[in-house]
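Position one of the sequence shown corresponds to residue 1 (the working numbering), numbered consecutively onward. Positions of the beta carbon are idealized from the N, C-alpha and C atoms, including for glycine. If you're wondering where the values come from, they're calculated on a predicted model, not measured in any experiment.
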Amino acid sequence: MTSIVDLPWLPAAPENFTKMCRAFAQGEGTAGAEAQALANYRLNPAQSGALTRAIGKRRKSASDFAPLTSLRLGILSNATTDVIDDCIPAAAARHGVLLDYLSCPFDQVMQQALDPNSLLNAARPDLVLVAVDHRWLQLDRPSLAAPAAERVGSAVQKLRSVVHALRENSGATAILQTIPTPPMPLFGSFDRRVAGTVRAMIDEVNREMVALAADNSCYILDAAALAERVGADRWFDPVQWAAYKFPFASDVAPAYADVVARLLGAVAGKARKCLVLDLDNTVWGGVIGDDGLEGIKIGQGSAVGEAFLSVQHIALDLRERGVILAVSSKNDDAVARGPFRDHPDMALREEHISVFQANWSDKPSNLKAIASTLNIGLDALVFLDDNPAERAQVRAALPMVAVPELPRDPGWYAFYLTAAGYFEAVAFSAEDRTRLASYATDAQRAKLLEQSGGLGDYLSSLRMEIEIAPFDVQGRQRITQLINKTNQFNLTTRRYKEAQVEAFEADPSTFTMQVRLRDAYSDLGMIAVVICKASEAGGVREWLIDTWLMSCRVLGRRVEEAMLAHVLEHARAHEVGRLVGTYIPTAKNSMVADLLGRLGFSLREEKPDGERIYDLDVARYVAPENLPFST
1 MTSIVDLPWL PAAPENFTKM CRAFAQGEGT AGAEAQALAN YRLNPAQSGA
51 LTRAIGKRRK SASDFAPLTS LRLGILSNAT TDVIDDCIPA AAARHGVLLD
101 YLSCPFDQVM QQALDPNSLL NAARPDLVLV AVDHRWLQLD RPSLAAPAAE
151 RVGSAVQKLR SVVHALRENS GATAILQTIP TPPMPLFGSF DRRVAGTVRA
201 MIDEVNREMV ALAADNSCYI LDAAALAERV GADRWFDPVQ WAAYKFPFAS
251 DVAPAYADVV ARLLGAVAGK ARKCLVLDLD NTVWGGVIGD DGLEGIKIGQ
301 GSAVGEAFLS VQHIALDLRE RGVILAVSSK NDDAVARGPF RDHPDMALRE
351 EHISVFQANW SDKPSNLKAI ASTLNIGLDA LVFLDDNPAE RAQVRAALPM
401 VAVPELPRDP GWYAFYLTAA GYFEAVAFSA EDRTRLASYA TDAQRAKLLE
451 QSGGLGDYLS SLRMEIEIAP FDVQGRQRIT QLINKTNQFN LTTRRYKEAQ
501 VEAFEADPST FTMQVRLRDA YSDLGMIAVV ICKASEAGGV REWLIDTWLM
551 SCRVLGRRVE EAMLAHVLEH ARAHEVGRLV GTYIPTAKNS MVADLLGRLG
601 FSLREEKPDG ERIYDLDVAR YVAPENLPFS T
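Listed below in structure tokens is the structure:
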């Protein structure tokens, strides 16, 4: 029996794991990749605690923790959180986050949220997990004599008060945790039909909670769904609640921490973007080169064939929500493509695969080629392969690639892939739906470039249409997504939550810009974001470029020139005399190190850490001619 509680998609930790943590704590230099590699094991609470303490010690030596992204999380609960306090920071490293974690005193939810000077609010966290349960919301007893709607309304109002207080007092965004239903029915199966039962009230509060989160730009942690997977009889341990006030059975802690951490990773833009599939004995049963088209096992009618078909269906479902699919197989290319083209029971077809790497090269080389072709980082890849030797080779050579463990029985493959939470989302936009079509048309654009007489002719032949507008409610979700996911073409790599994006949108002193692009082949959707903040220096009005980012997929199209021309047009209209831009170097954004210089800015200052500050005289700026866009 496989359970999510056991984190079975992760490899078991080595016997000397604690010793490895001690060695890590005493190390020097870049620490992020090492911390993430240690976190990628299946850790129990004691091992999680060893890693969490090691990360804390290593941070005291001022080590560079790239590529982990820093976040500050506070947790409010009516339960004691000791059981998870060590697990959450370790799990966060697994999902690309360097976590500053603050656990508040037991059952002090309202006090910590409402008091501006509380321990929580003074810490100024980015996010606060509101981990309350049915007891705190007074949903632990039925309401049969009094109107159940009043009890439900009161519970939702308590949550609303916490959300608003956190935002007002610390600027933090709340993560609201859905409420698991205790396995103590009053009427049995009839509970769902009686408005005042515990189950019925919790169901209604969970629905209202989702609406509350949407209206207030909060996040949802679906603890109710996790409890369902674990099993309510296992989740709710009355003995541990009575003795220790644990929120759930102690053995659930690593799984709960992983679910929290994958949400934090998604908020920080660390969710994976691409699923890379091995073929033989992963997508179908058998070896296509040996067994031939008729000999492989796929499709209805056999347990093995249906197991592999379920992997294909999960891959297609992920693709529908915007995850890129690729293939990396040790195979002859023509032979490997055969089932995609000719097998009647294959759900996956060639057109579903954005990059097809079938050759005799090693898997790490193929994964590098896939990432390069798609212009995404290796840390955006998930690699699914039945072969333990191939998995071990990829983990050793490319520790940033997610490689789930797989059992012998392929019936579990789809379970392991989805249970691991690699593709956790905090938004789902129209651009997510259309992104794959855009990748597919890149090949057509590349062919056009080869046939054109030069870059100018190529850009003109694309018939590009650019649309530039201020931030708005329709684009807010995608804007937030780009801010948190764009790493390479990003001058400052500042990250903002949706509530902060909404505040920029409403602030008259902040200039905002969202950019959309269409061409002859497809609608690329929103591809760039700019945020400028008003300031003044030496009697001159300035706009400080807080954020300037763009999708790398539109490089070389002169979009950045059009963006700057638009910014300067509005700067003049607002009587701004100077535009000030900053380049803050990261491990991934070297491509924009000289962007501002290339656009005509003058270098004002370069700091020892590589940060550069530029300025541009608005009055002297001359917009470029013949930009290849219509509006």
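Inset, instruction - Report the three-state DSSP secondary structure of residue 115 (helix, strand or coil). - result: One-based indexing of the sequence shown puts residue 115 at position 115. In the structure shown, residue 115 sits in coil (DSSP, three-state: anything other than H, G, I, E or B).
Legend entry - residue 11 and residue 2 closer than 9 Å at C-beta: Along the sequence shown, one-based indexing puts residue 11 at 11. Along the sequence shown, one-based indexing puts residue 2 at 2. No, these two residues do not count as a Cβ contact at 9 Å.
Legend entry - Endpoints, alpha helix (DSSP H) assigned at residue 583: Here residue 583 is taken as the residue at index 583 of the sequence shown, counted from 1. Premise fails: residue 583 lies in the beta strand (DSSP E), 578-583, not in any alpha helix (DSSP H).
Inset, instruction - Output the residue ranges of the beta strand (DSSP E) runs that lie fully inside the stretch 40-76 and measure 3 residues or longer, sorted by chain position. - result: none
Inset, instruction - Work out the CA separation of residue 295 and residue 216 for me, nearest whole Å. - result: Here residue 216 corresponds to residue number 216 of the sequence shown, with the count starting at 1. Here residue 295 corresponds to residue number 295 of the sequence shown, with the count starting at 1. Their backbone Cα atoms lie some 55 Å apart in a straight line.
Legend entry - Of the residues 592, 40, 614, the one placed nearest residue 600, counting alpha carbons only: For the purposes of this step, residue 600 is identified with residue 600 of the sequence shown, where counting begins at 1. The candidate whose alpha carbon is nearest that of residue 600 is 614.
Inset, instruction - Please confirm if the stretch 227-243 is in contact with the stretch 51-64, defined as three or more CB-CB distances below 8 Å between the two stretches. - result: no
Legend entry - Straight-line Cα distance separating residue 486 from residue 194: Here the question's residue 194 lines up with position 194 in the sequence shown. Here the question's residue 486 lines up with position 486 in the sequence shown. Each residue's alpha carbon lies about 48 Å from the other.
Legend entry - Nearest to residue 77 (by Cα), restricted to the options 404, 554, 46, 174: As a working note, residue 77 is residue 77 in the sequence shown. The candidate whose alpha carbon is nearest that of residue 77 is 174.
Inset, instruction - Taking the CB atoms as reference points, tell me whether residue 70 and residue 97 lie closer together than 9 Å. - result: Residue 70 sits at position 70 when you count from the first residue of the sequence shown. Residue 97 sits at position 97 when you count from the first residue of the sequence shown. In contact: residue 70 and residue 97 (Cβ atoms closer than 9 Å).
Inset, instruction - Please confirm if the stretch 383-401 is in contact with the stretch 273-281, defined as three or more CB-CB distances below 8 Å between the two stretches. - result: yes
Legend entry - residue 537 (DSSP reduced to helix, strand or coil): The sequence position of residue 537 within the sequence shown is 537, counting from 1. Strand at residue 537.
Inset, instruction - State the DSSP-derived secondary structure class of residue 607, mapped to helix, strand or coil. - result: Residue 607 sits at position 607 when you count from the first residue of the sequence shown. Looking at residue 607 - three-state DSSP - the assignment turns out to be coil, as it is neither helix nor strand.
Inset, instruction - Under the assumption that residue 549 contacts residue 580 (Cβ atoms under 8 Å), give the Cβ distance between them as a whole number of angstroms. - result: Mapped onto the sequence shown, residue 549 falls at position 549. Mapped onto the sequence shown, residue 580 falls at position 580. Incorrect: roughly 17 Å between the Cβ atoms, too far for contact.
Legend entry - Rounded C-alpha distance that separates residue 620 from residue 33: Here residue 620 refers to the residue found at position 620 when the sequence shown is read from its first residue. Here residue 33 refers to the residue found at position 33 when the sequence shown is read from its first residue. Between residue 620 and residue 33, the C-alpha separation is close to 45 Å.
Legend entry - Bridge-paired residues (DSSP) for residue 612: Taking the sequence shown and counting its residues from 1, the one referred to as residue 612 is at position 612. Beta-bridge pairing links residue 612 to 583, 606.
Inset, instruction - Starting from the Cα of residue 160, find the closest Cα among 187, 214, 197 and give me that residue. - result: Position 160 of the sequence shown, counted from the start, is the residue given in the question as residue 160. Among 187, 214, 197, the Cα nearest to that of residue 160 is on 214.
Legend entry - N-terminal and C-terminal residue of the beta strand (DSSP E) that residue 484 is part of: Here residue 484 corresponds to residue number 484 of the sequence shown, with the count starting at 1. Segment 476-485 is the alpha helix (DSSP H) holding residue 484; no beta strand (DSSP E) there.
Legend entry - Inter-residue Cα distance where the pair is residue 51 and residue 309: Your numbering for residue 51 matches position 51 in the sequence shown. Your numbering for residue 309 matches position 309 in the sequence shown. So the two alpha carbons sit approximately 38 Å from each other.
Inset, instruction - Check residue 357 in the structure and name its three-state DSSP category. - result: As a working mapping, residue 357 is identified with position 357 in the sequence shown. Note: residue 357 maps to strand in three-state DSSP.
Inset, instruction - For residue 285, name the three-state secondary structure that DSSP assigns. - result: By one-based count along the sequence shown, residue 285 stands at place 285. Of the three classes helix, strand and coil, the one that applies to residue 285 here is strand, per DSSP.
Inset, instruction - Please report how far the alpha carbon of residue 539 lies from the alpha carbon of residue 577, in whole angstroms. - result: Within the sequence shown, the letter at position 539 stands for residue 539. Within the sequence shown, the letter at position 577 stands for residue 577. Those two C-alpha atoms are separated by around 10 Å.
Legend entry - Beta-carbon contacts of residue 447 that lie in its chain and below 8 Å, excluding the five residues immediately before and after: In the sequence shown, residue 447 corresponds to position 447, counting from 1. Low per-residue confidence applies at residue 447: pLDDT is 49, beneath 50, and the placement is therefore not dependable enough to give any value.
Legend entry - Three-state secondary structure (DSSP) of residue 427: Translated into the one-based positions of the sequence shown, residue 427 becomes position 427. Of the three classes helix, strand and coil, the one that applies to residue 427 here is coil, per DSSP.
Legend entry - Opposing strand residues paired with residue 174 [DSSP bridges]: Mapped onto the sequence shown, residue 174 falls at position 174. Beta-bridge pairing links residue 174 to 128.
Legend entry - For residue 324, the residue or residues it bridges with in DSSP: Here residue 324 refers to the residue found at position 324 of the sequence shown. According to DSSP, residue 324 bridges with 274.
Inset, instruction - Return the first residue and the last residue of the beta strand (DSSP E) that residue 509 is part of. - result: Taking the first residue of the sequence shown as position 1, residue 509 is located at position 509. From DSSP, residue 509 is part of no beta strand (DSSP E); its letter is neither H nor E.
Legend entry - Range of the contiguous beta strand (DSSP E) that encloses residue 464: Here the question's residue 464 lines up with position 464 in the sequence shown. Taken as a continuous stretch (DSSP letters only), the beta strand (DSSP E) holding residue 464 covers 464-469.
Legend entry - Segment contact, 8 Å Cβ cut-off, at least three pairs: the stretch 387-399 with the stretch 410-425: no
Legend entry - Sequence-distant residues of its chain with Cβ nearer than 7 Å to residue 514 (five each side left out): For this step, residue 514 is matched to residue 514 along the sequence shown. Closer than 7 Å at Cβ, skipping near neighbours: 469, 471, 475, 479, 526, 529.
Inset, instruction - For residue 318, I'd like the list of residues in its chain whose CB is within less than 8 Å of its CB, leaving aside the five on either flank, ordered along the chain. - result: What you label residue 318 is simply residue 318 of the sequence shown in a count that begins at 1. Closer than 8 Å at the Cβ level, and outside the excluded window around residue 318, lie 275, 325, 423.
Inset, instruction - With DSSP collapsed to three states, give me the class of residue 190. - result: Indexing the sequence shown from 1 puts residue 190 at position 190. Helix.
Legend entry - CB of residue 13 within 9 Å of CB of residue 44, strictly: Position 13 of the sequence shown, counted from the start, is the residue given in the question as residue 13. Position 44 of the sequence shown, counted from the start, is the residue given in the question as residue 44. Going by C-beta atoms, residue 13 is nearer than 9 Å to residue 44.
Inset, instruction - Classify residue 528 as helix, strand or coil using the three-state DSSP reduction. - result: Taking the sequence shown and counting its residues from 1, the one referred to as residue 528 is at position 528. In this structure, residue 528 counts as strand in the three-state DSSP scheme.
Legend entry - Completely contained beta strand (DSSP E) runs for the stretch 338-419, where each covers 3 or more residues: 355-359, 381-384
Inset, instruction - Taking only the alpha-carbon atoms, compute the straight-line gap between residue 519 and residue 630 and give it to the nearest angstrom. - result: Taking the first residue of the sequence shown as 1, we reach residue 519 at position 519. Taking the first residue of the sequence shown as 1, we reach residue 630 at position 630. Between residue 519 and residue 630, the C-alpha separation is close to 10 Å.
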